[in-house]
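Okay, so here's the structure we're looking at.
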Amino acid sequence: MHFLKHFSPELVVKSPGRINLIGEHTDYNMGYVLPTAIEKNIKFSLQKNGSDHHCNVYSRTYDTGFEIDLNKISVSRVEWENYILGVLYEISKISNELGGFDCIVASNLPTGSGLSSSAALECGLAFGLNELFGLGLTKLQLVQLSQTAEHTYVGTQCGIMDQFASVMSKAGHVIMLDCRSLKYDYIPIDLFPYRIILLNTKVSHNLASSEYNTRKEECEQGVAIIRKQFPQVDSLRDVNQSMLEECKNNLSQKVYLRCKFIIAENERVIKMAKALKEKDLPTLGGLLYEAHEGISEQYEVSCKESDFLVAFSKKNSNVLGARQTGGGFGGCTLNIVHQDAVLEFIESASKSYKDKFGIQLEAFEVKPSGGTSKLSNSVG
Ligand code: ADP
Ligand code: MG
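Once you know that position 337 of the sequence shown is 337 in this note's numbering, the rest is easy, because the numbers rise by one and skip nothing.
Following this line, the structure appears as structure tokens:
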């Protein structure tokens, strides 16, 4: 792209990926989640280009870029462009301060691996433009407009967790977020002598986006039926297991299982927060295995590769707990591994996984890290 030859960024921003310790698919059911950002991130180098509405965005990851006219934003046929276009569209709905800019995106965050590179992409751009043009948007506005961009331009009806985690995280902590009130607490996470090890299955089943939206609809179907008996119910957040049992005969087996998982998962987030505060590591590990069972058997958003790795971890007494993290159908498993056994664990898991699926997995440690931030700037 032409602009790359004359690029001297005024501002550099990084926006991280995230893990979610527990609380999968609870965000769009108005429940609780426990995410934190990780050290892997997407970096945005930005400059104003002096035009009113001409923009250039280039992704080093894909070695390709595109031009945008801010007066003519519309959905693209190229998937990744829609994360960018959606953010620009949502910003232009609430601010008319945006002008022409050039942006280079670079990343060390795996995409499509359940670590939410999508939210990092949306939030980093929104944060960067807010700084570059002095838009005066709050962090919460950046989070919400990024979430909406994913709904309207990408078509994934995601909850708020990923964007919230990317922007709001604090090093050494997980965020206990109530997705209904958006009230949150930072809970320190000290797992010593254990480490958080991610195993990337390297599979990213195409089902992820359509099945995600289907799960959301199934939960809504459940709520509509439960509400006939319990009119005060607005979301699965308002339902407990005994209410669900009372409505069981009116629900299909599938919808019943979806609801059962969400209700139990919400309870697990609360138990997990308590276990973290009390540093009760065996309970913490047990909750992870329990959650994975629900993810796999009740919510049915796992896959044979993730199930294999979690079952592998379960046989290893140096692993306290494991589960698939992220929206589902592959991506990474999160494992709590004793520090003395990390190398042996990674080697043996890699070998078994390679033998079984012929795929070389990727393994790395993650540390709870801070949210989207500015790296440098020479802007006034
Ligand atoms: P996840 O959020 O778990 O990584 P998603 O499927 O939700 O998986 O989002 C991945 C998508 O985000 C990619 O397919 C791509 O469209 C976009 N994306 C992520 N990182 C980049 C990048 N560095 N450059 C361009 N697009 C990216
Ligand atoms: Mg995503």
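Cβ atoms here follow ideal geometry from the backbone N, Cα and C, with glycine treated the same way.
CA-to-CA distance, residue j to residue i, given in whole angstroms
i	j	result
L145	V87	7 angstroms
S15	V167	7 angstroms
Q229	V239	11 angstroms
F364	C332	10 angstroms
F44	L375	10 angstroms
R215	Y58	34 angstroms
I197	V366	6 angstroms
V379	Q47	Confidence in V379 is poor, its pLDDT being 49 and thus under 50, which makes the residue's placement unreliable; the coordinate value appears in the next sentence. One C-alpha to the other measures close to 9 angstroms.
G31	E267	9 angstroms
Y28	D234	12 angstroms
S306	S95	43 angstroms
L135	L125	13 angstroms
P368	A171	5 angstroms
V269	V319	20 angstroms
W80	I175	28 angstroms
P231	L109	44 angstroms
S348	Y289	19 angstroms
S169	F192	20 angstroms
K274	G370	22 angstroms
L244	G100	53 angstroms
G50	T283	57 angstroms
N41	A120	7 angstroms
F3	N56	7 angstroms
L212	Q241	The amino acid at residue 212 is misidentified as Leu; the sequence shows Tyr. Looking at the two C-alpha atoms, the distance is approximately 23 angstroms.
T372	N249	46 angstroms
E67	L98	15 angstroms
M1	G65	7 angstroms
D185	S204	32 angstroms
I381	I160	Outside the displayed span of the chain (1 to 380) sits residue 381, for which this structure offers no information.
H173	K351	32 angstroms
Y353	N316	15 angstroms
T111	R60	13 angstroms
H53	S92	11 angstroms
The ligand MG heavy atom lying under 8 angstroms from the CB of residue i
i	result
A149	no
D162	yes
S350	no
S116	yes
C123	no
G86	no
A165	no
G327	yes
Beta-bridge pairing of residue i - partner residues as DSSP gives them
i	result
D185	M176
V366	I196
P35	N20
F230	None, per the DSSP bridge assignment.
E278	None, per the DSSP bridge assignment.
G65	Y58
S391	Any question about residue 391 goes unanswered here, given that the chain covers just 1 to 380.
S373	K14
T333	L199 and Q324
M216	Checking the displayed sequence, the identity of residue 216 turns out to be Lys instead of Met. Its beta-bridge partners do not exist; DSSP assigns none.
D102	Q47 and N56
S204	G330
H338	Y194
V319	V337
Within-9 angstroms CB hit, residue i to chain D
i	result
E97	Of the protein chains in the structure, only one exists, and it is not chain D.
Cβ-Cβ separation, residue j to residue i (assumed contact under 8 angstroms), whole Å
i	j	result
F261	C303	Actually they are not in contact, since the Cβ atoms of F261 and C303 sit about 16 angstroms apart, beyond 8 angstroms.
E150	S107	Not a contact, Cβ separation roughly 17 angstroms.
L115	G326	7 angstroms
F7	D102	6 angstroms
G23	V33	4 angstroms
V342	Q324	V342 to Q324, Cβ: 20 angstroms. No contact.
heavy atom of the ligand ADP below 8 angstroms from residue i C-beta
i	result
T61	yes
Y153	no
T111	yes
E79	yes
I42	yes
F334	For the sequence presented, residue 334 should be read as Leu rather than Phe. No, the Cβ of L334 stays beyond 8 angstroms of every heavy atom of the ligand ADP.
S169	no
G294	no
V337	no
T156	yes
A322	no
S373	no
Y28	no
For the pair the stretch 334-341 and the stretch 220-238, tell me if three or more CB-CB distances fall below 8 angstroms. no
Counting pairs of Cβ atoms below 8 angstroms between the stretch 142-157 and the stretch 294-301, do you hit three or more? no
Given 8 angstroms, three or more beta-carbon pairs between the stretch 128-139 and the stretch 85-102: yes
Counting beta carbon pairs with one atom in the stretch 247-255 and one in the stretch 271-287, are three or more of them shorter than 8 angstroms? no
Do the stretch 198-205 and the stretch 66-85 make contact, defined as three or more Cβ pairs closer than 8 angstroms? no
Should the stretch 32-43 be regarded as contacting the stretch 1-18, the criterion being three or more beta carbon pairs within less than 8 angstroms? yes
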